[in-house]
Amino acid sequence: MAGSALRRLMAEYKQLTMDPPEGIAAGPISEDNFFEWEALIAGPEGTCFEGGVFPARLIFPPDYPLSPPKMKFTCDMFHPNIFADGRVCISILHAPGDDPMGYELSAERWSPVQSVEKILLSVVSMLAEPNDESGANVDAAIMWRERREEFNSIAQRLVRKTLGLTT
Amino acid sequence: MQLLISSVCMALTSAVIGNAYYQKQQFYPAVVYITKSNASMAVIYIQFFVIVFMFGKLLRKIFLGTLRAAEFEHLLERFWYALTETCLAFTVFRDDFNPRFVALFTVLLFLKSFHWLAEERVDFMERSPVLGWLFHIRVGSLLTMLGVLDYVLLMHAYNSTLVRGPTVQLVFGFEYAILLTVIASTAIKYVLHAAEMRTDTPWENKAVFLLYTELVIGLIKVVLYLLFVVIMAKIYALPMFVFRPMFFTIRNFRKAFNDVIMSRRAIRNMNTLYPDATPEELRQSDNICIICREDMVNHAKKLPCGHIFHTTCLRSWFQRQQTCPTCRLNILRAPAVNSAALQRPVDEAANPAAPVVAQPAAAAAGVNNIPGATAAPPTAGAGTDLPMSVPNPMGQLPRNGVAPTFADIFGDANALPNLAGMPPPPMLSPFMMQPPFPYFSPPSVPPPPMPLDIDRFSDEELLAMEGTQRKHIEERLKMLRNIMLMLDSSTILMQQYQSMMARLPQPTEAKPTSNVITADEKASALLAASATTASSSIPTAYDKPTTSRAASETSLQGAQQVKRATAEKVIIEDLGAEEDADLPITATITKTELEEKIVAGADADDVEESSELSELRMRRLKYLQERNHSPTDRD
């Protein structure tokens, strides 16, 4: 019998494969290592990220699901809640103990009942509705708040880039 | 790159040796020539390091195969730290700095890196889906070899220190002792992991064993480090180079210590506070532990909030956080009472913005004075939460925990006897005092002790209420008195709602306001519905909660009426039926009955007392059912 973290990840992988939520695909990069996943997230419809397919990487800790995984977009992203290096900053990925931004409710934090699917769905809704108060990328947050057209055009450029279309 | 360096090194070495032979022609003079020339010796030393490196690669290939990226990264990182520390150590022993000394440190570093790799490998065991026999052979032989080498080198250092007094061997002896502890803990982990792999079911106590291993090894390490620092400080100088590892060791030890304490506390709570989930409860839930996503066959525990998890999953979570993983109810603060289940906080999915556990204790303390004191809900502070936060509790009530016994229910109710005599208005003042949060913390009063499903009463208990003997009648009286209590508390509730209404602005002014009013009306409608009985006589305003203010006022007036009625008392000469006329009991069915009569609009005089009693019984049953169904209806 393998470790509990591994079994849980396998169960989640199975569930995600059998019944994939719309606009989301995720699975381990290699079957040898279930603790590193690749996820593909479709930009939510009706937003400036519509049409894009954004690859991201999920790194799970050995004590998953007691600790949250880390998530990082592997493509260029310009979004108020995504750091310049691609790390995603949402409360569901933060353990209840630490509060990097000092504003998150404990109800929104990580708990073992969360799952990869919930994380990815949260990321989709984060793409649709940025939280300009947390500000992982301050430039993006300001632009999103004050110069929405410019933000949208940057987002559209990123969308085209993820699709391999260069303009 | 590596190939290039090693080939360049090879070429340089052969050039040096060739040059020496070319100049001296003979073996011995050539050796002397090389050792005398600094440049040649430098080349030879570099060659020596290259050979060590290649030897290390060879061993790695044999014992570990290819390294994973993470392993390599960690190895490199630790290696650089260790190298820096070694350089620091050189400064302490600068007097006896010689090639032999450097060689000894090289061997130490070499062995250390294999210890790290072995550790990583064993940690990886738990995360890898399939492990062949090759893995076990490799890890087993590597651990044995490292252990033996550590021991031999430790004994060597010990003996040389005994013979020659404290030298640099002291450092080595100490370092190898530390490495031996590392090997010991790695081996224990390996055995535990391997043992778990052999079984098909998860091994529940493994985490505890690992925890204690960590604690003991941590303690040994800390003692070793402290001893070493003291000895070194006495003989040489403060050993700066062990401060970093010592700091980490102490930190790890502290963490292990805390973990053990938390784990023990969690286990204790688990064993004492939370009941085992019964098979029916498991069947009624979806039978999957949401932490590990596996079936719960046995060893499942139910938290006060009604959520069920594996015992082991809960334990490992409680080591970190003392909250319910699903609803984040703070399990340490919540009393483990059955009725606590009624106050189930909103699941974050249902209402993510609701302040779930964030209410100050003060609010809860104030609430405690009121009927359901035993069940002071942690979320009760959120006023608007109260009516909304009962989406499921009633439906799930039957499977919530140990079925409360008859005695429990009455115990709850009887615990507050003075409530009936207490004039309601004074009760208001503590609540009026605290309006810090305009709309969200208005006094929210937990409902009176929840009457339970009739199904839950055992046959004897039902019999006790049905019979004709004196004790039966006493039981009936008890029951009625409880109903009275509940009605009294409802009156208090209504009072509070009324006072709140008085403070509220017009419903159209702000969204939260209307929200609160709707909530009030719902509550009052619920109360009214519970106070009245025959649905035919319920005023239409109570049939469905409307948002109009008039309706709520009607209900409030109704409550006032009820209150006024409580002042009177009705003496019933003969409580029981005709057949127990031989028992002349003067029972005081007070307010309860009168209220019910008034609200129902029935003329008390026309009704025969005996039939009245049976009607009361019927009402009671209806009332119970209503209580149990109404929340789901409202949803």
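Chains A and B supply the protein sequences, listed in that same order.
Counted from 1, the first sequence has number 25 at position 24 by the numbering used here; the numbering is strictly sequential.
Counted from 1, the second sequence has number 729 at position 344 by the numbering used here; the numbering is strictly sequential.
Each residue gets a CB set at the ideal place from its N, CA and C atoms; glycine is no exception.
Q) Looking only at its own chain, which residues have a Cβ that is under 8 Å from the Cβ of Q432/B, when we skip the five neighbours before and after it? A) In the second sequence, the residue the question calls residue 432/B occupies position 47. Taking C-beta separations shorter than 8 Å and ignoring five residues to either side along the sequence, the partners of Q432/B in its chain run C394, M395, L397, T398, following chain order.
Q: Could you confirm whether any beta carbon from chain B is found closer than 8 Å to the beta carbon of G4/A?
A: Walking along the first sequence from the start, residue 4/A turns up at place 3. Look at G4/A: its C-beta is under 8 Å from a C-beta on chain B.
Q. Among the residues of its own chain, which have a CB less than 7 Å from the CB of S648/B, if the five just before and after it don't count?
A. On the second sequence, residue 648/B is found 263 positions in, with the first residue counted as 1. Sequence-distant partners of S648/B (beyond 5 residues in either direction) whose C-beta falls short of 7 Å from its own C-beta, in its chain, are V593, L596, R700, Q704.
Q. Any Cβ of chain A within less than 8 Å of the Cβ of E589/B?
A. The residue you call residue 589/B lines up with position 204 of the second sequence. No, because no Cβ of chain A sits closer than 8 Å to the Cβ of E589/B.
Q. Would DSSP call S829/B helix, strand or coil?
A. The residue you call residue 829/B lines up with position 444 of the second sequence. In this predicted model, S829/B has a pLDDT of only 45, less than 50, meaning its place in the structure is not dependable; the value taken from the coordinates is given anyway. Of the three classes helix, strand and coil, the one that applies to S829/B here is coil, per DSSP.
Q) If you draw a straight line from the C-alpha of S899/B to the C-alpha of D140/A, how long is it? A) The residue labelled residue 899/B in the question sits at position 514 within the second sequence. The residue labelled residue 140/A in the question sits at position 139 within the first sequence. Only weak support is given to the placement of S899/B: the predicted model assigns it a pLDDT of 42, under 50, and the question is left unresolved by the model.
Q. Which residues, taken in chain order from the stretch 36-59 of chain A, show a beta carbon closer than 8 Å to some beta carbon of chain B?
A. Taking a C-beta cut-off of 8 Å against chain B, the contacting residues of the stretch 36-59 of chain A are F36, listed in chain order.
Q: Given a cut-off of 8 Å, decide if V437/B and F486/B are closer than it, judged by their beta-carbon atoms.
A: In the second sequence, counting from the first residue as 1, residue 486/B sits at position 101. In the second sequence, counting from the first residue as 1, residue 437/B sits at position 52. Not a contact, by the Cβ cut-off of 8 Å.
Q: Could you tell me whether any Cβ in chain A is nearer than 8 Å to the Cβ of W1036/B?
A: A question about residue 1036/B goes unanswered here, because the residues of chain B that appear run from 386 up to 1020.
Q. What does P63/A touch in chain B if you count any residue whose Cβ is under 8 Å from its own?
A. On the first sequence, residue 63/A is found 62 positions in, with the first residue counted as 1. Under the 8 Å cutoff, chain B gives D508, E511, R512.
Q.
Once DSSP output is grouped into helix, strand and coil, what is the label at R861/B?
A. As a first step, residue 861/B must be located in the second sequence, where it is residue number 476. It is helical.
Q.
Taking its Cβ as the centre, do 16 or more other Cβ atoms sit within 10 Å of S999/B, making it buried, or is it exposed?
A. One-based indexing of the second sequence puts residue 999/B at position 614. Label assigned to S999/B: exposed.
Q: From the DSSP output, read off the bridge partner residues of N590/B.
A: Counted from its first residue, the second sequence places residue 590/B at position 205. Partner(s): none; N590/B has no beta bridge.
Q. In the structure shown, what three-state DSSP assignment does R88/A receive?
A. Translated into the one-based positions of the first sequence, residue 88/A becomes position 87. Of the three classes helix, strand and coil, the one that applies to R88/A here is strand, per DSSP.
Q.
What does DSSP give as the partner residue(s) for A12/A in the beta ladder?
A. Position 11 of the first sequence holds residue 12/A. DSSP, once it has assigned bridges, lists no residue as partnering A12/A.
Q: Could you check which residue in F475/B, K442/B, R549/B, D480/B has the C-alpha nearest to that of F490/B?
A: Position 105 of the second sequence, counting from 1, holds the residue named residue 490/B. Of F475/B, K442/B, R549/B, D480/B, the residue nearest in Cα terms is F475/B.
Q.
Is S92/A close to chain B? Criterion is C-beta to C-beta, closer than 8 Å.
A. Residue mapping note: residue 92/A aligns to position 91 of the first sequence, counting from 1. Taking a beta-carbon distance threshold of 8 Å, S92/A does not count as an interface residue toward chain B.
Q) Under a Cβ-count criterion, where at least 16 other Cβ atoms within 10 Å of its own Cβ denotes burial, should G28/A be classed as buried or exposed? A) Counted from its first residue, the first sequence places residue 28/A at position 27. By the neighbour-count rule (16 or more Cβ atoms within 10 Å), G28/A is buried.
Q: Scan the stretch 111-133 of chain A for residues whose Cβ lies nearer than 7 Å to a Cβ of chain C and list them as they occur along the chain.
A: The structure shown contains no chain C; its protein chains are A and B.
Q: Verify the CB distance criterion: does Q554/B have a CB-CB separation below 8 Å to chain A?
A: Along the second sequence, read from residue 1 onward, the residue named residue 554/B stands at position 169. False, the Cβ-Cβ gap to chain A never drops below 8 Å.
Q. Are there 16 or more other CB atoms within 10 angstroms of the CB of M625/B, so buried, or fewer, so exposed?
A. The residue you call residue 625/B lines up with position 240 of the second sequence. By the neighbour-count criterion, in which a residue is buried when 16 or more other Cβ atoms sit within 10 angstroms of its Cβ, M625/B is exposed.
Q: Tell me whether the beta-carbon of T566/B lies closer than 8 Å to the beta-carbon of I605/B.
A: Start at 1 with the first residue of the second sequence, and residue 566/B comes out as number 181. Start at 1 with the first residue of the second sequence, and residue 605/B comes out as number 220. Yes, the pair counts as a contact, with Cβ atoms nearer than the cut-off.
(Q) Excluding the 5 residues flanking A580/B on each side, which residues of the same chain have their C-beta closer than 6 Å to its C-beta? (A) As a first step, residue 580/B must be located in the second sequence, where it is residue number 195. Excluding sequence neighbours, A580/B sits near nothing in its chain.
Q) Between T696/B and chain A, is there a C-beta pair that is closer than 8 Å? A) One-based indexing of the second sequence puts residue 696/B at position 311. So, not an interface residue.
Q. Under 8 Å between C-beta atoms, does I676/B make it to chain A?
A. Locating residue 676/B in the second sequence gives position 291, where the first residue counts as 1. The Cβ of I676/B sits closer than 8 Å to at least one Cβ of chain A.
Q: Could you list which residues in chain A have their beta carbon closer than 9 Å to that of E679/B, in chain order?
A: Counted from its first residue, the second sequence places residue 679/B at position 294. The contacting residues are S5, R8, R9, A12.
Q: State yes or no: is the C-beta of W501/B nearer than 7 Å to some heavy atom of the ligand HEM?
A: Ligands in the displayed structure: none, and consequently the ligand HEM is not present.
**Q.** Meets three-Cβ-pair contact criterion under 8 Å: the stretch 5-13 of chain A and the stretch 509-525 of chain B
**A.** Touching, per the Cβ criterion.
Q) Using the rule of at least 16 other Cβ atoms within 10 Å of the residue's Cβ for burial, across every protein chain shown, is Y466/B buried or exposed? A) For this step, residue 466/B is matched to residue 81 along the second sequence. In the assembly as shown, Y466/B is an exposed residue. Its beta-carbon has fewer than 16 other beta-carbons within 10 Å.
Q. Using a Cβ-Cβ cut-off of 7 Å (strictly less than) and excluding sequence neighbours within five positions of Q157/A, which residues of its own chain qualify?
A. Position 156 of the first sequence, counting from 1, holds the residue named residue 157/A. So the qualifying residues of the chain are C49.
Q.
Would you say P22/A lies against chain B (beta-carbon separation less than 8 Å)?
A. As a first step, residue 22/A must be located in the first sequence, where it is residue number 21. It does not: the Cβ of P22/A has no partner Cβ on chain B nearer than 8 Å.
**Q.** DSSP bridge partner residues for M72/A (one or two, in chain order)
**A.** Numbered from 1 along the first sequence, position 71 holds the residue referred to as residue 72/A. Bridge partners of M72/A: L59/A.
Q) Does the distance from the C-beta atom of L10/A to that of A26/A stay below 8 Å? A) Residue numbering aside, residue 10/A sits at position 9 when the first sequence is read from its first letter. Residue numbering aside, residue 26/A sits at position 25 when the first sequence is read from its first letter. When the beta-carbon positions are compared, L10/A and A26/A stay at least 8 Å from each other.
Q) Run through DSSP, which three-state label would D535/B get? A) By one-based count along the second sequence, residue 535/B stands at place 150. Three-state result, D535/B: helix.
Q: Less than 8 Å between the CB atoms is what I'm expecting for A662/B and A641/B, so what's the real figure, rounded?
A: Taking the first residue of the second sequence as position 1, residue 662/B is located at position 277. Taking the first residue of the second sequence as position 1, residue 641/B is located at position 256. Between A641/B and A662/B the Cβ distance is about 31 Å, and since that is not below 8 Å, they are no contact.
Q) What's the C-alpha gap between E679/B and E859/B? A) What you label residue 679/B is simply residue 294 of the second sequence in a count that begins at 1. What you label residue 859/B is simply residue 474 of the second sequence in a count that begins at 1. Using only the alpha carbons, I get a separation of about 50 Å.
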